[in-house]
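Per full-length UniProt numbering: the sequence shown = residues 1 to 891.
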Amino acid sequence: MPRARCTISHQYKAKALSLPCCFFSLLHPHLTALPVDPLLLSLSLSLSLSIHPSLRSFLLFLLASIHSLCCLSSLHLLFSFTSPALAASHSLRIRLPYCRIFTMATAVDTPADLQLQQQPSSPTQINEDFPHADLPHFTWRAVVVGILIGTLLCFTNMYFGLQTGWISMMSLQSSLLGFALFKGAKRYLKVPFGPAENIVLQSVAVATGTMPLAAGFVGIIPALQMMTLADNPATATSAGGPFFLSTGNMILWSLAIAFFGVFIAVPLRRQVIIKEKLPFPSGTATAQMIGVLHNTPLVHRGPVRRIVSGDTDSLHTTTDEGIRRRRKPYSDEKEADEEQALDAGTPPHKQPLGQVAPVDYDRNGEEAPVEIKGENGENFTLSKEFLQDDNWRLNMIALGVSFGISALYTLLSYFFPVVASVPVFDWLSGMTVSVAGTWQWFLTPSFSYVGQGVIMGFPTTASMLLGCVVGWGILSPIVTKKQWVTGPVGSSTTGARGWILWISLGVMIAEAIVSLLGVIVLSLIAHYRRRVRETRRAERRAALEASAASRGTEADAFSVENEDDDEDEDAPIDQLVPLKLWVCGLLLSTAICLLLIWVVFKDQHMPVYATLLAVFLGCILSVLGVRALGSTDLNPVSGIGKVSQFVFAGVVPGGIVANLIAGGIAEAGAQQAGDLMQDLKTGHLLAASPKAQFYAQLIGSLASVFISTGVYKLYSSAYELPGPEFAVPTAKVWLDLARLVNGHSLPYNTAPFIWGFAAFFAVLTLITVIYSDVAFLKSRSPHGSTRGRPRWVSWIPSGIAFAIGMYNLPNFTLARFVGGVVSLWWDWHCKKYAQDRTAKYAKLGRVFLIIIASGFVLGEGTFSILNLILKTAKVHSASCVGCYQSACSCN
């Protein structure tokens, strides 16, 4: 295998994140490498500059200091400023350090006892099969574009999170948008935009875009502002009541929880991705999308095997390092054949390693489309036809048109608020009592919520509609007529809205507990089965070795699987996050969390030991969250936060502030760890550098600390939180549970309903978990955990979706259900009418609909910024005719 072009010393690897490197790599990502010491280069260049001697002496001192503090790219940037012609000369074309760190085919200098024997292969074949192998993994242009896309996602998630509590990673959308941007600028790129670079881009975008959830801007922060004096009594150091964080304290809080979850994920990668090969459906879907976009097959690093020769004292490890084998998705037959061959005594090592498996083909010899599992469990296919010029143009036009339509609706709803709250049920019912004004049944024909329904899929939106009907159509009239509540229906404190919220809270807690217990049981079963396999293989290996020794002759080389035989080969050492960096980073991020939490909440009686316990509990629960995400594609961050609240009710009794903070810390850790693990799964399937993704996650999180804080301050200063436009339902859920576990009483007559609904959905969740776990344990596929599960299981109502439909107003749920119906109809249409005049759309399948839905979501999320500016500038609505006060606020 040819060595990597970059040969910069290891001591500069950790310095590749300097700010000058950022700007320089954007301008010159194509520079090649020179094995040169930067200090000698600095001296020779500075002496050659035509400058004053005293200035030259100072420059020498400065460059010598930079040698020990900065990366090589910083020096080259300095030279480009002082002498552009000299810096541009061929002799100074220096490859940036990221090529040494993040290039996939980088050669590693390892001790002799750790070197791995590599089977011979043809470099030409590698380059043909993997045309992007020589492209860099980490580039600052990808980081910058990722931050820009992430900022857009941050506004979108903040907007919808404050409205309904909906937050989305949007990994698929990020990779698609990034690819579209670089594809449009292809003629200006000196280095092609590769799949590994796309992975870094979407990692940065996801980390930036999901900070509103991780930092609690849609939950914890508003909940602190909603407290009363009964929740937070006055003390000698605090006025009590609502607790408002200043902008500076919000930044400190975000910094406190932004990083330790990322470090938690690092050691889990080998267990859940390399060893157990959990599917992580969204991560796999993103990898498949990127693979199709860049015409790159999914790859995996083949299993590690032991070669046992006649001399039993010598065991050599053989890998296909640097060469990736592609495994077909859902290819159970191949693994079964390997296992059968092993049981029959056939040496598996006789199958050639280091070769690329052929692409899947259909019966007609055409390349088969890739089956992708979306974020919400829906399946759709994606073929190379997606990238054909006509189809690509059609998809981009669809994205632009849907974006524009949604943006226009958003702007129109500002000047005519009735557009966002249409009293359609008043028109249909003919009742003298307003259904919309009294019972909150109106319609929001928002294209973004229809798009969300398309993305969620029909089963999820159907569960939401069920919760909406039960909560707002049945329970709300009952509790109002029986006078179990005294306030108006829409009041979250004294009305039916606040009463039914407790029912939804009980459902969410029940599902969270059962789901986490299911993850624990599944992990124990998988661990036990793995230990049994290891024992059997060890016995078989010992028997084969004893048989060879008893013959007294040198036996033919044969292969038996060791304890790591069913592991995918890990990335090269220089692409992994170093142990020292992980340990130091985890300790440092924990220390930062302890310090900053104390600084921000020192007047709120948040003990340091409680913060430390919250971090520790967050680490433990993050492991469960990651495993749940890997198996079910659902990261139960909300349930994890609620479990922490229950625990801290005993640690700091009566402390609602401490309870909220502890839950927020645990939720942040689980969210960050889950985001990175999804990205690492994507990178593993495309042989991307885990270290590059790790740095990308850190950079995106750091950038979003300031971006998310600014976005939240904009919304909180322009709108009332909670208010008609932004009810912040998630904050109410957090605060109500904190009150409950700290001794506050339940609303009148809610306990029987809470227990009844919680028990019912606990049973439903248990059924789903059992069938899903059985299917997962039976499946040998690393790409899907629900194959073999009965189809009817997917139609069992989801407790979380049911609860969301119950605590959100009906207008949002109705729009989402419309999107779910559209999604169901489109799937049926694509299968039945693939040959009629809509064939060119149907041939693109569900991905075409997902692109349209993404345009709807991003359109309203983006133009909400314009509405925010208009609101801040006190631009009044054009007309308030037909607008109900509980549904909108005219200005």
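We put the beta carbon where it would ideally sit given N, CA and C, even for glycine.
These numbers were taken from a predicted model, which means no experiment stands behind them.
> In chain order, what residues of the same chain lie with their CB nearer than 6 Å to the CB of ILE509, ignoring the 5 residues before and after it?
Replying inline: LYS642
> Can the beta-carbon of residue 967 be found less than 9 Å from the beta-carbon of VAL769?
Replying inline: Here the chain has residues from 1 to 891 only, and residue 967 is not among them.
> Are there 16 or more other CB atoms within 10 angstroms of the CB of HIS684, so buried, or fewer, so exposed?
Replying inline: buried
> In whole angstroms, what separates the C-alpha of ALA610 from that of ALA546?
Replying inline: 57 Å
>> Taking the alpha helix (DSSP H) that GLN271 belongs to, which residues open and close that run?
In response: Note, GLN271: premise wrong, no alpha helix (DSSP H); not H, not E.
> When the Cα of TYR715 is compared with those of PHE403, ARG530, THR247, GLY490, which residue comes out closest?
Replying inline: THR247
> Measuring CA to CA, which of VAL145, TRP166, SER168, ALA265 is closest to ALA185?
Replying inline: VAL145
> Within the 9 Å Cβ cut-off, does PHE280 reach chain E?
Replying inline: Here there is only one protein chain, and chain E is not present.
>> So the candidates are TRP499, TRP439, HIS605; which of them puts its Cα closest to the Cα of GLY654?
In response: HIS605
> On the three-state DSSP scale, how would you describe VAL647?
Replying inline: helix
>> Can you tell me where the alpha helix (DSSP H) holding ASP736 begins and where it ends?
In response: 729–741
>> Restricting to Cα atoms, I'd like to know which of GLY664, ILE656, ILE597, LEU594 is closest to SER622.
In response: GLY664
>> Three Cβ pairs or more, each shorter than 8 Å: is that satisfied between the stretch 586–600 and the stretch 626–642?
In response: no
> Which same chain residues, not among the five before or five after ALA688, have their C-beta less than 7 Å away from its C-beta?
Replying inline: HIS137, ALA196, ILE199
> DSSP on VAL577, reduced to helix/strand/coil?
Replying inline: coil
> Between the Cα of LEU862 and the Cα atoms of THR494, SER402, ASN659, which residue gives the shortest distance?
Replying inline: Reading the sequence as shown, one finds Thr at residue 862 and not Leu. Nearest C-alpha to THR862: SER402.
> Can you name the residues that DSSP bridges to VAL422?
Replying inline: LEU443
> Would THR208 be called buried (16 or more neighbouring beta carbons within 10 Å of its own) or exposed?
Replying inline: buried
>> Assuming contact is defined by CB atoms lying nearer than 9 Å, are LEU624 and LEU612 in contact in what I supplied?
In response: no
> With C-beta atoms as the reference, is ALA214 less than 9 Å away from ALA265?
Replying inline: no
> Is PRO747 near GLY400, with beta carbons less than 9 Å apart?
Replying inline: no
> Roughly how many angstroms separate the alpha carbons of LEU475 and ALA751, rounded to a whole number?
Replying inline: 14 Å
> Taking the continuous alpha helix (DSSP H) assigned at PHE802, which residues delimit it?
Replying inline: 799–807
>> Which residue marks the beginning of the alpha helix (DSSP H) containing GLU720, and which one marks its end?
In response: That residue, GLU720, is in no alpha helix (DSSP H); it is neither H nor E in DSSP.
> How big is the Cα-Cα spacing for ARG675 and ALA543?
Replying inline: One detail in the question is off: residue 675 reads as Asp in this sequence, not Arg. In a straight line, the C-alpha of ASP675 is about 45 Å away from that of ALA543.
> So what's THR235 in DSSP terms, helix, strand or just coil?
Replying inline: coil
>> According to DSSP, simplified to helix, strand and coil, what is ILE405?
In response: helix
> Apart from the five residues on each side of it in sequence, which residues of its chain come closer than 6 Å, Cβ to Cβ, to SER823?
Replying inline: VAL454, GLY457, PHE458
> Who are the near neighbours of ILE251 in its chain, counting only those whose CB is closer than 8 Å to its CB and skipping five residues on each side?
Replying inline: VAL705, PHE706, THR709
>> Only counting the same chain, and skipping five residues up and downstream in sequence, which positions put a Cβ closer than 8 Å to that of LYS713?
In response: THR247, MET250
>> Alpha carbons only, please: which of GLY283, THR237, PHE263, ARG187 is nearest the one belonging to SER175?
In response: GLY283
> ASP603 and THR286: beta carbons closer than 9 Å?
Replying inline: no
>> Let's see if you can read the secondary structure: which residues bound the alpha helix (DSSP H) around ALA673?
In response: 656–685
> How far does the alpha helix (DSSP H) with ARG791 in it reach, from first residue to last?
Replying inline: Per DSSP, ARG791 belongs to no alpha helix (DSSP H) and is neither H nor E.
> Helix, strand or coil: how does DSSP classify THR210 here?
Replying inline: coil
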